[in-house]
Amino acid sequence: MNNLTNYKNIKAWPFVEAIKIIKKSENLNSNRPIHFETGYGPSGIPHIGTFAEVLRTNMVRNALREIKNLNSKLITFSDDLDALKKIPEDYPYPEKLSKYLNYPLSSIPDFTEKYSSYADRNNNLLKEFLNQFNFDYEFISSTNMYKSGNFDKCLLKILENYENIMNIILPTLRKERRESYSPFLPICKKTGKVLEVPIKIVNKEKGIIAYKDDNKFIETTVTNGNSKLQWKVDWAMRWSALKVDYEMNGKDLIPSFELSKQIAKFIYNKVPINMSYELFLDQNGEKISKSKGNGLSIDEWMTYGTKESLSLFMYQNPRRAKRLYFDCIPKSMDEYKKYFKDVKEKKQELLESPIWHIHEGTMPENTYPIEFSTLINLVTALNTSDIPTIKNFCLLYIKNSLDSIEQRCLEEAIKLAVKYFQNFILPKLKKRKPSTKEKEIIENIINDISNYKEEISAEEYQNLIYKYGKIIHPENLREWFISLYQILFGSDNGPRLGSLFYLYKKNKVLQMLQEAIK
RNA sequence: GAGCCCGUAGCUCAGCGGUAGAGCAUUCGCCUUUUAAGCGAGGGGUCCUGGGUUCGAAUCCCAGCGGGCUCACCA
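Position in the first sequence (first residue = 1) + 1189 = the working numbering.
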């Protein structure tokens, strides 16, 4: 208990959430681990929002472990018995998929032929993303739970409370929908489709429901995977069946959560502690969605940024609607480095830094030695994707020697910066043609360099450039440098040319200059 | 209709009881080479408005005004 008061002053939200759990669990007086749940609908490639939810839930788990060494378990629950409602645009075979509308995701084949089913493919993509971050989680498939009978006890409890549940749900629906609504969706024995049909007969003793098909009543059990629940009821049932203590959700699910809460009272009264987070917006402030293709995917972030930078972004202000687009990446990369530095130089306690949450409470030994935005500027200035050249230029700049971790991080950061440069900066750069006077001067430089038999030093290159600069712009050398940068790189500034030429070596320099005057 | 979030420098945002901040933009100064991958200095604010709590409010509470999103099919 003493420990708890120590952490109460920490404002970081994972600690606040963890304290909520501790307060509630003290009344529970049970020895089982605390159960965290995150939900996932495998109807397409995993959304960055799903990923954010797991990441953030894990941050609460870590905080909980720190405050009071409580065991916990993270359940990643996949709704893979849900029916396919829309054809996702990111799937390579949409026309093949379109024949499987209303089939459970787990009974649709995977046409990429890599996985046992369409759901299995999406589930595995999610797991891959999660594994990249070394999460400790237990993956649970809805299909498995229903079919193995693990949900049966709770399903019968739902059936017992059929009318109570209808009374909660019906007022929230429109008139047309009220006619057809049922908490149970039978799975058709003939076709295997998930049916949205009105339930005509409810037999609580036998655990059976019946619907009408061609004027005949079709009976089916609610157990053994013969039917599944509508999702709000499903959610409530799952809380009880899996003993969920904590679950996050996006703000779009707040009304659903409230409804599920009421339903849960009829089963075992198990309602998780809940935190709702704001949705991500795109650059223009609109909600990101897969169908629009706006915002960022996990893969896209990982193309230009480290996982630490992604974690940091997800950590910051989950209750605020944030814009998620490419510019966020360099910003987050630099912020990460700054937080790292503050802890390393003891300007900030690790426990009070986002670094604690990103790295599960431990301080990594080191990180990239140069700000990412600086690196992007450098790559832009050098106008190259050649990693050794960039790295060598970095080493000219850094005075202290780098340890092996810094070396590795630097190389990783350079690769990311190169990608960023290639995709966002390079297309906007426009090299200009030299004037006749400039062309003449550059030809002279080429001549001079060609006349050297051996490689020359950075200083000699620089002298050469100055020598001709004084001829073409005697009163303002700056103009000369700007012109050179514009002609060679398409920007107004750049690296010290002497050093760059030295790194490029004679042949490559000549090639670059000849290219420029073509 | 209900719920959630946001109003802080020109722009994007951080700060969330104790002197108003960052990045970009802007203005000025600095390249015959020892870091232009720029560097240095400055300007710029009714912290949306009005009340309240407090010794003290951008920060907490209440009311209002703007802007945005979400839900009310499905998940």
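All C-beta atoms in this analysis are idealised placements derived from N, C-alpha and C, irrespective of residue type, glycine included.
Residue i - DSSP class collapsed to helix/strand/coil
{"i": "M1712", "result": "Summary: the structure shown does not reach residue 1712, with the chain confined to residues 1190 through 1707, and so no result is reported for it."}
{"i": "F1582", "result": "helix"}
{"i": "V1433", "result": "coil"}
{"i": "D1341", "result": "helix"}
{"i": "L1442", "result": "helix"}
{"i": "V1391", "result": "strand"}
{"i": "D1402", "result": "strand"}
{"i": "N1191", "result": "No answer about N1191 holds up, because its pLDDT of 47 lies below 50 and its placement is not dependable."}
{"i": "K1213", "result": "helix"}
{"i": "P1375", "result": "strand"}
{"i": "T1380", "result": "coil"}
{"i": "N1463", "result": "strand"}
{"i": "E1255", "result": "helix"}
{"i": "K1476", "result": "strand"}
{"i": "I1397", "result": "strand"}
{"i": "S1219", "result": "coil"}
{"i": "I1407", "result": "strand"}
{"i": "F1225", "result": "strand"}
{"i": "S1416", "result": "strand"}
{"i": "L1468", "result": "coil"}
{"i": "G1679", "result": "coil"}
{"i": "G1233", "result": "coil"}
{"i": "L1244", "result": "helix"}
{"i": "I1354", "result": "helix"}
{"i": "K1197", "result": "coil"}
{"i": "N1696", "result": "helix"}
{"i": "L1359", "result": "helix"}
{"i": "R1685", "result": "coil"}
{"i": "M1701", "result": "helix"}
{"i": "F1670", "result": "helix"}
{"i": "S1486", "result": "coil"}
{"i": "K1364", "result": "helix"}
{"i": "V1422", "result": "helix"}
{"i": "Y1587", "result": "It should be noted that the sequence gives Ile, not Tyr, for residue 1587. The answer is coil: DSSP assigns I1587 none of H, G, I, E or B."}
Buried or exposed (CB count within 10 angstroms, at least 16 for buried), residue i
{"i": "P1444", "result": "exposed"}
{"i": "M1552", "result": "exposed"}
{"i": "D1423", "result": "buried"}
{"i": "P1507", "result": "buried"}
{"i": "N1191", "result": "Only weak support is given to the placement of N1191: the predicted model assigns it a pLDDT of 47, under 50, and the value that follows is read from those uncertain coordinates. The residue is exposed, with fewer than 16 neighbouring Cβ atoms inside 10 Å."}
{"i": "N1682", "result": "exposed"}
{"i": "Y1289", "result": "buried"}
{"i": "T1380", "result": "exposed"}
{"i": "D1403", "result": "exposed"}
{"i": "L1362", "result": "exposed"}
{"i": "K1526", "result": "buried"}
{"i": "L1281", "result": "Residue identity check: residue 1281 is Pro in the sequence provided, not Leu. Exposed, by the Cβ-count rule."}
{"i": "P1543", "result": "buried"}
{"i": "D1309", "result": "buried"}
{"i": "K1360", "result": "Note on identity: in this sequence residue 1360 is Pro, with Lys being the wrong assignment. So P1360 ends up on the exposed side."}
{"i": "E1497", "result": "buried"}
{"i": "T1227", "result": "buried"}
{"i": "G1484", "result": "buried"}
{"i": "N1640", "result": "exposed"}
{"i": "I1660", "result": "exposed"}
{"i": "G1414", "result": "buried"}
{"i": "S1337", "result": "exposed"}
{"i": "L1286", "result": "buried"}
{"i": "Y1586", "result": "exposed"}
Distance between beta carbons of residue j and residue i, contact taken as under 8 Å
{"i": "L1513", "j": "V1411", "result": "Not confirmed; about 41 Å, so no contact."}
{"i": "F1582", "j": "P1684", "result": "7 Å"}
{"i": "I1594", "j": "N1555", "result": "4 Å"}
{"i": "S1465", "j": "K1421", "result": "At roughly 15 Å, the Cβ-Cβ gap does not stay under 8 Å, so S1465 and K1421 are not in contact."}
{"i": "F1406", "j": "K1378", "result": "Incorrect: roughly 13 Å between the Cβ atoms, too far for contact."}
{"i": "S1330", "j": "S1232", "result": "In fact, because the Cβ distance is near 14 Å, the residues do not count as touching under 8 Å."}
{"i": "S1521", "j": "F1502", "result": "5 Å"}
Near the ligand FMN: residue i beta-carbon under 7 Å from a heavy atom
{"i": "Q1419", "result": "By its list of ligands, the structure shown contains no ligand whatsoever, and the ligand FMN lies outside what it can speak to."}
Checklist entry - For the 8 Å Cβ check, are there 3 or more pairs between the region 1284 to 1296 and the region 1315 to 1322? => result Under the Cβ criterion (8 Å, minimum of three pairs), the region 1284 to 1296 does not count as touching the region 1315 to 1322.
Item to check | Segment contact flag, the region 1485 to 1501 with the region 1601 to 1608, C-beta cutoff 8 Å, min 3 pairs | outcome: Taking a cut-off of 8 Å for Cβ pairs, the region 1485 to 1501 and the region 1601 to 1608 touch, as three or more such pairs fall below it.
Item to check | the region 1559 to 1569 touching the region 1269 to 1278, judged by at least three CB pairs closer than 8 Å | outcome: The region 1559 to 1569 makes no contact with the region 1269 to 1278; the number of CB pairs closer than 8 Å stays below 3.
Checklist entry - How about the region 1384 to 1404 and the region 1421 to 1437: do they share at least three Cβ pairs that are nearer than 8 Å? => result Output reads no: the region 1421 to 1437 does not touch the region 1384 to 1404.
Checklist entry - Going along the chain, which unbroken runs of the alpha helix (DSSP H) with 4 or more residues stay wholly within the region 1262 to 1344? => result Restricting attention to alpha helix (DSSP H) runs no shorter than 4 residues, the region 1262 to 1344 encloses them at 1283 to 1286, 1307 to 1321, 1331 to 1337, ordered along the chain.
Checklist entry - Does the region 1671 to 1680 touch the region 1615 to 1631, meaning 3 or more C-beta pairs lie closer than 8 Å? => result Using a C-beta cut-off of 8 Å, the region 1615 to 1631 makes contact with the region 1671 to 1680, since at least three inter-stretch Cβ pairs fall below that distance.
Next on the checklist: Please give me, in chain order, every unbroken run of the alpha helix (DSSP H) with length at least 4 that falls completely inside the region 1496 to 1581.
Outcome noted: Note on the region 1496 to 1581: whole alpha helix (DSSP H) runs with a minimum of 4 residues are 1496 to 1504, 1517 to 1533, 1543 to 1547, 1561 to 1571, in chain order.
Next on the checklist: Would you call the region 1340 to 1359 in contact with the region 1308 to 1319, where contact means no fewer than 3 C-beta pairs closer than 8 Å?
Outcome noted: Verdict: no, contact absent.
Next on the checklist: With a threshold of 8 Å, are at least 3 pairs of Cβ atoms found where one atom belongs to the region 1251 to 1264 and the other to the region 1231 to 1241?
Outcome noted: In the pairwise beta carbon analysis, the region 1251 to 1264 is classified as not touching the region 1231 to 1241: fewer than three pairs are separated by under 8 Å.
Next on the checklist: Just to confirm the assignment: which complete beta strand (DSSP E) runs, minimum length 3, are found wholly within the region 1614 to 1666?
Outcome noted: Counting whole runs of 3 or more residues, the region 1614 to 1666 contains no beta strand (DSSP E) stretch at all.
Item to check | At least three beta-carbon pairs within less than 8 Å, the region 1692 to 1700 to the region 1663 to 1671 | outcome: These segments do not touch.
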